[in-house]
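Everything in the sequence shown is counted per the working numbering, starting at 332 for the first residue and increasing by one.
Below: the structure, in structure tokens.
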Amino acid sequence: MTSEDTSMDRDELHALTMRAIGAALNLNAREASDALAEIGTRGRAPAIYGACCAFAEVGRTALVKLYGEQVPDLNRGDMWAMHVLDPNKADPYETFAARFIVAYANDDKPQTLALFNASIAAGPDDHVCSVSQLLITAAQLTHTASEA
Numbered sequence: 332m333t334s335e336d337t338s339m340d341r342d343e344l345h346a347l348t349m350r351a352i353g354a355a356l357n358l359n360a361r362e363a364s365d366a367l368a369e370i371g372t373r374g375r376a377p378a379i380y381g382a383c384c385a386f387a388e389v390g391r392t393a394l395v396k397l398y399g400e401q402v403p404d405l406n407r408g409d410m411w412a413m414h415v416l417d418p419n420k421a422d423p424y425e426t427f428a429a430r431f432i433v434a435y436a437n438d439d440k441p442q443t444l445a446l447f448n449a450s451i452a453a454g455p456d457d458h459v460c461s462v463s464q465l466l467i468t469a470a471q472l473t474h475t476a477s478e479a
């Protein structure tokens, strides 16, 4: 994904983001990858960040369905948290995805932005893998929630 902009407007970004989400939910890796690639090549960092927030919203919605009445009440100061079973074996892209979804679910925009910027700073390949894993994780959570 690059930071070059070739004039993608909000409607195009929305359509591509929804295309990526729909493809991921339908387990169509090629279509999801194509939509992500187009977002990455036609959009600047803010557009890619916006897509990431949309992916995280899909994940947050799945978490709410999974946890039902146990959902943290952010207004009371509760918050979502994650537990890594074995930090020595944690995949960095899966960790990024989980942390981004948790930060988004906690309405912690500074943290989501920091995670996104760190993925960019890690280099183009790591950034692409991080954003891709975010979409995959959101889709996996949705499938898990629909089976619950």
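Heads up, the beta-carbon is just placed ideally off N, CA and C, and yes, glycines get one too.
What do you reckon, are the CB atoms on A436 and R373 nearer than 8 Å?
Working through the sequence shown from its first residue, we reach residue 436 at position 105. Working through the sequence shown from its first residue, we reach residue 373 at position 42. No, Cβ-Cβ distance for A436 and R373 is not below 8 Å.
Do you know offhand how far L344's Cα is from I352's?
Residue 344 sits at position 13 when you count from the first residue of the sequence shown. Residue 352 sits at position 21 when you count from the first residue of the sequence shown. Answer to the nearest angstrom: the Cα atoms are 12 Å apart.
Three or more beta-carbon pairs under 8 Å between the stretch 425-444 and the stretch 364-384, yes or no?
yes
If you count every other CB in all the chains shown that lies within 10 Å of the CB of L466, and 16 or more means buried, which is it?
Counting from one through the sequence shown, the residue named residue 466 turns up at place 135. The residue is buried, with at least 16 neighbouring Cβ atoms inside 10 Å.
So T468 and E400 are in contact, right, with Cβ under 8 Å, and what is the actual spacing, rounded?
Translated into positions along the sequence shown, residue 468 becomes position 137. Translated into positions along the sequence shown, residue 400 becomes position 69. So it is not a contact: roughly 24 Å between Cβ atoms.
DSSP on H414, reduced to helix/strand/coil?
If you number the sequence shown from 1, residue 414 lands on position 83. Here H414 sits in coil by DSSP.
List, from N- to C-terminal side, the beta strand (DSSP E) runs of 3 residues or more that fit wholly inside the stretch 346-374.
none
Closest by CA to P418, which one among D439, R361, F427?
Taking the sequence shown and counting its residues from 1, one reaches residue 418 at position 87. Taking only the C-alpha atoms, the option nearest P418 is F427.
Is it buried or exposed, S477, if we count other Cβ atoms within 10 angstroms and call 16 or more buried?
For this step, residue 477 is matched to residue 146 along the sequence shown. By the neighbour-count rule (16 or more Cβ atoms within 10 Å), S477 is not buried but exposed.
Excluding the five sequence neighbours on either side, which residues of its own chain have a C-beta within less than 7 Å of the C-beta of T463, listed in chain order?
As a first step, residue 463 must be located in the sequence shown, where it is residue number 132. It is Ser, not Thr, that sits at residue 463 in the sequence shown. The residues are L367.
From A434, D457, A355, M349, residue whose alpha carbon lies closest to that of L394:
As a working mapping, residue 394 is identified with position 63 in the sequence shown. Minimum Cα distance to L394 is reached at A434.
What is the C-beta distance between D438 and L405, in whole angstroms, given that I count them as a contact (C-beta under 8 Å)?
Counting from 1 along the sequence shown, the entry for residue 438 is found at position 107. Counting from 1 along the sequence shown, the entry for residue 405 is found at position 74. Contact flag correct, Cβ pair sits at about 6 Å.
Please list the terminal residues of the continuous alpha helix (DSSP H) segment that includes Q401.
Here residue 401 corresponds to residue number 70 of the sequence shown, with the count starting at 1. Careful: Q401 lies outside any alpha helix (DSSP H) and carries neither H nor E.
Assuming contact is defined by CB atoms lying nearer than 8 Å, are T348 and A376 in contact in what I supplied?
For this step, residue 348 is matched to residue 17 along the sequence shown. For this step, residue 376 is matched to residue 45 along the sequence shown. Contact: no.
Sort A479, T475, Q471 by Cα distance to N359 and report the nearest one.
For the purposes of this step, residue 359 is taken as residue 28 along the sequence shown, with counting starting at 1. The candidate whose alpha carbon is nearest that of N359 is Q471.
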